[in-house]
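Pasting the structure below:
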């Protein structure tokens, strides 16, 4: 597998159908983080801010949890999904 480092980003090259979903999410997040997403997709100002927040969340998870938030369209939905999956529940989590 070949990787390319762009700034602080490591992303596997697009190989084909097998890695397109993960590649597309990561590249979209990098474009958003670099302020270039407006060139790739026409979005409104509030969407840009939410997209930046969503990108920051997705850029900071490994590939395993990323599959659960790949289809998230808002930062709030990604956050809730991860919280539901990983936040400890019940009394034990408080102790």
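Residue numbers (UniProt numbering): 1 to 95. Just so you know, even glycine gets a beta-carbon here, dropped at the ideal spot from N, CA and C. Quick caveat: nothing in here was measured; it's all calculated off a predicted structure.
* Please specify which runs of the beta strand (DSSP E), each continuous and at least 3 residues long, are wholly inside the segment 14–89, giving them in chain order. => none
* How should residue 25 be labelled, buried or exposed, when 16 other C-beta atoms within 10 angstroms of its C-beta is the threshold for buried? -> As a position in the chain shown, residue 25 is number 25, starting the count at 1. Under this definition residue 25 is a buried residue.
* To do: Leaving aside the five residues before and after residue 20 along the sequence, list all residues of the same chain whose C-beta is less than 7 Å from its C-beta, in chain order.
  => Within the chain shown, the letter at position 20 stands for residue 20. The residues are 14.
* Using the C-alpha atoms, what's the distance from residue 64 back to residue 50? -> Along the chain shown, one-based indexing puts residue 50 at 50. Along the chain shown, one-based indexing puts residue 64 at 64. Roughly 23 Å separates the two Cα atoms.
* What residues in its chain sit with their C-beta under 7 Å from that of residue 80, if we drop five residues either side in the sequence? -> Working through the chain shown from its first residue, we reach residue 80 at position 80. The answer is none, since no qualifying residue turns up.
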